[in-house]
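J.: Starting off with a structure, shown below.
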Amino acid sequence: KAGVTQTPRYLIKTRGQQVTLSCSPISGHRSVSWYQQTPGQGLQFLFEYFSETQRNKGNFPGRFSGRQFSNSRSEMNVSTLELGDSALYLCASSFGSDYEQYFGPGTRLTVT
Amino acid sequence: GESVGLHLPTLSVQEGDNSIINCAYSNSASDYFIWYKQESGKGPQFIIDIRSNMDKRQGQRVTVLLNKTVKHLSLQIAATQPGDSAVYFCAESSYTGNQFYFGTGTSLTVIP
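Chains as they are written, first to last, in our numbering: chain Y, -7 to 104; chain S, 533 to 644.
This is the structure we're talking about:
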């Protein structure tokens, strides 16, 4: 069974721009979570979607948003990029609450 | 907020020895825990999980121990191999939501 896929794998943007990242979950998984990973900070939870509804949200500014489509694919958007947004953005999918999450390879975003 | 911390940021072991990676958590309501392994350039890979109704769970060469009294989690890797070199994260969540909190990670280096 195919794993979680994320596109693009690498992205370079300049400050003030916006970016959209995409995640395709494992077939049959309805929950998609997004995380930001930076050196020394570990993984920080951004938000989780289940059946097209945002169920949980981490402590990130409103510039970070997401959505989920009826086929469970998810996108996250970051508007007005800042240098501090440079990070590895990881997507994880699961069947639902209280199930193990499986991660994609991530999108490496660099903001210059 | 939630707090999941790791006792040691780095750990070096000889090939063939057993490794123990520790993790402390602060939310007594957490009832589901996962250990992940992350190799350079890849997303976290699920290793093993444990629920709060268990104290111990074994997988292939790995064992997770949960001590709810002191809110401590450990991952034991038997006969550590060079391929085990990676960063290991523990993550916790509660049944109230599919939101995982991750520690900052322990870097395991296996010396041949």
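For each residue, glycine too, the CB sits at the ideal point set by N, CA and C.
Let me check one thing: in DSSP terms, what residues is Ser57(Y) bridge-paired to?
T.: In the DSSP output, where bridge partners are listed per residue, Ser57(Y) has Asn69(Y).
J.: Taking Cβ positions only, does Val(-4)(Y) come closer than 9 Å to chain S?
T.: Chain S contact via Cβ: present.
J.: Which residues in chain S sit within 8 Å of Gln46(Y), going by Cβ to Cβ distance?
T.: By Cβ distance, chain S contributes nothing, its closest Cβ being about 11 Å from Gln46(Y), past 8 Å.
J.: Using a C-beta to C-beta distance shorter than 7 Å, which residues of chain Y count as neighbours of Gly575(S)?
T.: Ordered by position in chain Y, the residues that pass the 7 Å Cβ test against Gly575(S) are Leu82, Phe95, Gly96, Pro97, Gly98.
J.: Taking Asn48(Y) as part of the beta strand (DSSP E), name the residues at either end of that continuous run.
T.: 45 to 49 is the extent of the beta strand (DSSP E) around Asn48(Y).
J.: In this structure, what does DSSP give as the bridge partners for Gly3(Y)?
T.: With the sequence shown as reference, residue 3(Y) is identified as Leu, and Gly is not the correct amino acid for it. In the DSSP output, where bridge partners are listed per residue, Leu3(Y) has Leu101(Y).
J.: Which partner residues of Ser606(S) appear in the DSSP bridge assignment?
T.: Ser606(S) pairs with Asn554(S), Leu597(S).
J.: Which value, in whole angstroms, describes the spacing of the CA atoms of Gln9(Y) and Ser62(Y)?
T.: Those two C-alpha atoms are separated by around 28 Å.
J.: Mind checking Pro576(S): buried by the 16 CB within 10 Å criterion, or exposed?
T.: Buried: at least 16 other Cβ atoms inside 10 Å.
J.: By the 10 Å Cβ neighbour count, where 16 or more other Cβ atoms means buried, how is Pro0(Y) classified, buried or exposed?
T.: Exposed: under 16 other Cβ atoms inside 10 Å.
J.: Look up Thr638(S) in the DSSP assignment and give the residues it is bridged to.
T.: Tyr620(S), per the DSSP bridge assignment.
J.: Pick helix, strand or coil for Asp90(Y), following the three-state DSSP scheme.
T.: The answer is coil: DSSP assigns Asp90(Y) none of H, G, I, E or B.
J.: Taking Gly591(S) as the reference, which of Leu598(S), Asp581(S), Asn599(S) has the closest Cα?
T.: Out of Leu598(S), Asp581(S), Asn599(S), Asp581(S) has the C-alpha closest to the C-alpha of Gly591(S).
J.: Does any C-beta atom of chain Y lie closer than 9 Å to the C-beta of Ser639(S)?
T.: With 9 Å as the cut-off, Ser639(S) does not count as an interface residue toward chain Y.
J.: Assuming Phe578(S) is part of the beta strand (DSSP E), what are its boundary residues?
T.: Unbroken beta strand (DSSP E) run through Phe578(S): 577 to 583.
J.: Of the choices Phe95(Y), Arg7(Y), Val(-4)(Y), whose alpha-carbon is the least far from that of Ser16(Y)?
T.: Nearest C-alpha to Ser16(Y): Val(-4)(Y).
J.: Pull up the distance between the alpha-carbon of Ser562(S) and that of Ser572(S), whole angstroms please.
T.: The straight-line gap from Cα to Cα measures roughly 29 Å.
J.: Measure the C-alpha to C-alpha separation of Leu101(Y) and Glu67(Y) and round it to an integer number of angstroms.
T.: So the two alpha carbons sit approximately 14 Å from each other.
J.: Per DSSP, which residues does Lys569(S) bridge with? Please list them.
T.: BP columns for Lys569(S) point to Gln577(S), Tyr620(S).
J.: Using only the alpha-carbon positions, how far apart do Asp619(S) and Ser606(S) sit?
T.: Going by the sequence as given, residue 619(S) is Val instead of Asp. Cα-Cα distance, rounded: 14 Å.
J.: Looking only at its chain, what residues have a beta carbon closer than 8 Å to the beta carbon of Gln570(S), apart from the 5 residues adjacent to it on each side?
T.: So the list reads Pro576, Gln577, Ala618, Val619, Tyr620, Phe621, Gly637, once near-sequence residues are dropped.
J.: I need the straight-line Cα distance from His539(S) to Ser639(S), nearest angstrom please.
T.: Summary for His539(S): the model assigns pLDDT 43, below 50, so the residue's position carries little reliability, and this model does not support an answer.
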